[in-house]
Amino acid sequence: MNEKQTRKQIIDKNLLSAGWNISDQTQVVIESTLGSNSLNEPEKDYSIQFNDYVLLGKDGKPLAVVEAKRTSKDAELGREQAKQYCLNIEQETGTLPFCFYTNGHETYFWDLGNYPPKKVIGFPTRDDLERYKFIRKNRKKLAQELINVDIAGRDYQIQAIRSVMEGMEKKRQKFLLVMATGTGKTRTCIALVDGLMRAGWAERVLFLVDRIALRNQALDAFKEHLPNEPRWPKVGEKSIATDRRIYISTYPTMLNIIRDDIDTLSPHFFDLIVVDESHRSIYNTYQEVLNYFNTTTLGLTATPTDVIDHNTFKLFNCDDGLPTFAYSYEEAVNNIPPYLCNFQVMKLQTKFQSEGISKRTISLEDQKRLILEGKEVAEINFEGTELEKAVVNKGTNVTIVKQFMEECIKDPNGVLPGKTIFFCSTISHARRIEKIFDALYPEYTGELAKVMVSDDPRVYGKGGLLHQFTNNDMPRVAISVDMLDTGIDVRELVNLVFAKPVYSYTKFWQMIGRGTRLLEPAKMKPWCPEKDVFLILDCWDNFEYFKLNPKGKELKAQIPLPVRYFGLRLDKIELALELDKKDIALKEINILNEQLATLPKQSVVIQDAQSDLAKLKTKDFWNNFGLEQIEFLRYQIQPLFRTVSQSDFKAMRFRKDVLETSVAHMTEEAEQFDALKENIKTLVEELPLSINSVSKHKPFINKVLSNHYWSVIDDVGFDELADTIAPLIHFRETKKTGQSSSFDFKDILLTKEFVEFGPANEAVSISKYREMVEQRINELTKRNPILQKLKVGQSITIEEAELLAEELYEEDPHITETLLRKVYNHQKATLVQFVKHVLGIEILERFDDQVSKAVQQFIAEHNTLSTHQIEFLHLLRDYIIEKGTIEKRNLIEAPFTIIHPKGIRGVFSPNDIKEILVLTKKIVA
């Protein structure tokens, strides 16, 4: 295909699909001489050249240049030529157009002077280019853009936003924020979006999530913090709208939109895409969404940095282990004051879980019952790990529920559990747990515990089960299978029950993250007025497992069925050619072409592979078909079948099984053929003849089930088998073989103990000392007149204070001002202040709390600080907390010289330094 044909047959159509009317010279000028003379060379015979396409704005001025090359040439060959046209046009008109170069199959977009060239899926619309032009001309410096601290005002949130903004100023377009669950990833993102919109860097933003519940949660968050920004979707809205600023969507919804021929979006529609929980959903089909849009991309994840998959870092152009910004759970818990709630872990293990279910462990009472029922006790033998898999025992679940009700953190009345999630292994397991709650506690009329699973429509929407759990007194216990493992924000959660084993470390920490959020004072609920720690009841030794296997179980990547099916046909063609069975090879090549026709043409992956797919349309490729062509199909085309999603996969799996059997038949591998044959016979045998569509094929089905059929079958017979049975296979009724054994044996608790895990808890000795001091002072107040004066708010003299110190020392020699300062972590407080604190008259703020709050307030008030400046202030905070004081000269010495060799002078301006010195004097005064 020459260049003229390429333009007419491919590029013109691509421009038309983006809304450009090639015939309208107010939109597109073809073969324009505008800007064609070289800036650097004297005019020669060949200097009059033509721009292939100039795309015009509504004002008639050039918006973009498109340089075309024939399909057989590399599109990159047009790069410098297109650039020169753009520069020439800028000299002639004063406006620099955007730059495109393409060979029809591959298109590159170059925002000259701003970003390097980038391969894109399609051309922008005129509105897209007008928007790009407006943003390029009007956007402000991000370094001076204020952050709305009412949305995200914590120091690490400001630092995260600044990290992204500084990267955008440096022309980067991909970012990854790693922030522990509960530290406000969504709020941080909203504050960033707010800043980018005010600064003119973004007009449209897409927030991608992987579940409907998370979409609704994000919609509520954007509505709360950016109420004036139009959002999509509105309640009940299905079709995509193009007049909004904030778009929140699940991956499948957006994938369907971009694959839609009619109601779709331009690849240049968004200025920023935020990928929430970016470790989970972006490595399968849904990465297509990110590949489709030409935009800045921000990934959000709570997965700890040390276990994030290499692919996540690669996707966001980060070095392994080095995201754009990270803030860990340990940092949040150990912050002063803490930003997240710490947890305690109690291990619960029953006898059956530990020792299995057998004659040795079943109680004598249950054994007698089995004998009376005519059952053989000796035949019952299950490992503990088989519970809720091969065997179900009601008594084990009863023991777990009873122990939970006994040990859980309860509401202020001390009767009912606080808000709790039970993590179960299957939906049937969850239903069994729900029935046990109803049976053991009938007085709560079935309202105490509710199953919440993703395929239950009653869960969603206002008034749904999840809304009730979040906002109402009842239910107190949400019993979940996967749905509540990640992303759900219920601050009142005080109990988590791991009633199943977990093998993914990422998922494990996501599940723990459900309970880490602290309560907001302004949003206290009657059933949870306070929360300083939450409890995890671990019934399956998960914490012990992750101590031994820090990264959990490595899951093998699964090859999608359409990819395997296509690859298996290639194997058969290669084998047929090798055995010189050309008729079979030709037949399979024809079927292979039918499979190729099923590739979804609207898929980004398929559009991106047009150069490779174009080779399959040439006669030479098929006329000279051999090993070279098979290798090309195997390595370049086969992976594209991962995009096939709209298909009858049951029928495809059966066709794949038949194809695999036919290959074994060709190779005369008798053992493998017999195994595959028996599998197919089993599938066919399970077809219900009571259904008319199946019964009319009864003679053929009976023939397939006979041994004679398989002894004489040939390759045509395999095709007949696949074509006849595959359309019926969805009627197949699976025989319930291997069904779980079910018992109701009494199980007893074997282990109940607290487990050390997570951030270090406060030393017991310090905690005990405080309790002792508070007890002594409260007891002494009953008979000590000086303490009584203090309690009623009267002041005391210096002499009385000294006398009080002596009396306290006599009461206990360990109650001294020096020791109290150490234990209460306050270097400046006096003995009288400590006493007032204990008596509840005057709250004595810890010294480290004072320092942290002062620095945090300074950062919030100066939120144009750079990331380096925030790091310096964090180091200053830590230094003062550790030393208790600071001198001016310390600020140009180590450790401050780590951030800059000149210390504070290399990081802050003179005016900033003056403000920081005022801050330090105030803190250490």
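All residue numbers for the sequence shown refer to this note's numbering, where the first residue is -17 and numbers rise by one.
Note that the Cβ used here is the ideal one computed from N, Cα and C, for glycine as well.
Please classify residue i: does DSSP put it in a helix, a strand, or coil?
i	result
W183	coil
R154	coil
Q9	coil
N22	Confidence at N22 is low in this model, with a pLDDT of 39, below 50, so its placement is unreliable and no value can be given for it.
R213	strand
K884	coil
P892	helix
I898	helix
C300	coil
I778	coil
V746	Note that V746 has pLDDT 38, beneath the 50 cutoff, so the model's placement of it is unreliable and the number below is only indicative. Correct three-state label for V746: helix.
T278	strand
Y83	strand
V257	strand
N238	helix
V586	helix
T283	strand
L178	helix
L801	helix
L369	strand
S14	strand
G149	helix
W2	coil
G60	helix
D27	Low confidence applies here, because D27 scores a pLDDT of 37, under 50, leaving its location unreliable and the question unanswered by this model.
G740	In this predicted model, G740 has a pLDDT of only 46, less than 50, meaning its place in the structure is not dependable enough to derive any value.
M754	helix
Q628	coil
Taking the DSSP output, what are the residues bridged to residue i?
i	result
A460	I403, K432
S724	V374
I230	F189
R499	L322
V102	T89
K734	L330
N363	S340
In the DSSP assignment, find the unbroken alpha helix (DSSP H) run with residue i in it and report its ends.
i	result
G164	Run containing G164: none; DSSP gives neither H nor E here.
G549	543 to 560
K505	Counting along the chain, K505 falls outside any alpha helix (DSSP H), and DSSP gives it neither H nor E.
P249	First-last for P249: undefined, no H or E at that position.
Y274	269 to 274
N198	194 to 207
N453	447 to 453
T(-12)	-15 to -12
N605	601 to 605
N575	564 to 578
S919	For the chain, the structure presents residues -17 to 907; residue 919 sits outside this window and is missing.
P767	767 to 773
If I follow the unbroken beta strand (DSSP E) through residue i, where does it start and stop?
i	result
L517	515 to 520
Y35	33 to 38
E49	44 to 50
C390	No beta strand (DSSP E) holds C390; DSSP gives it neither H nor E.
L478	475 to 480
Could you check whether the Cβ of residue i sits closer than 8 Å to any heavy atom belonging to the ligand NAD?
i	result
I415	Annotation note on the ligand NAD: not contained in the displayed structure, which lists no ligands.
Below 8 Å on the Cβ atoms is my contact criterion, and I expect residue i with residue j to pass it. Report the Cβ-Cβ distance as a whole number of Å.
i	j	result
T402	V146	No, T402 and V146 are not in contact; Cβ-Cβ is about 36 Å, not under 8 Å.
A481	F405	6 Å
Y791	I797	6 Å
Y547	K638	5 Å
L430	R458	6 Å
L159	G281	7 Å
Sequence ranges, alpha helix (DSSP H) only - wholly within the stretch 637 to 672, length at least 4: 652 to 667
4-residue-minimum alpha helix (DSSP H) runs that sit fully inside the stretch 307 to 360, ordered along the chain: 311 to 316, 333 to 337, 346 to 354
Runs of beta strand (DSSP E) wholly within the stretch 671 to 711 (minimum 3 residues, chain order): none
Runs of alpha helix (DSSP H) wholly within the stretch 829 to 853 (minimum 4 residues, chain order): 829 to 843
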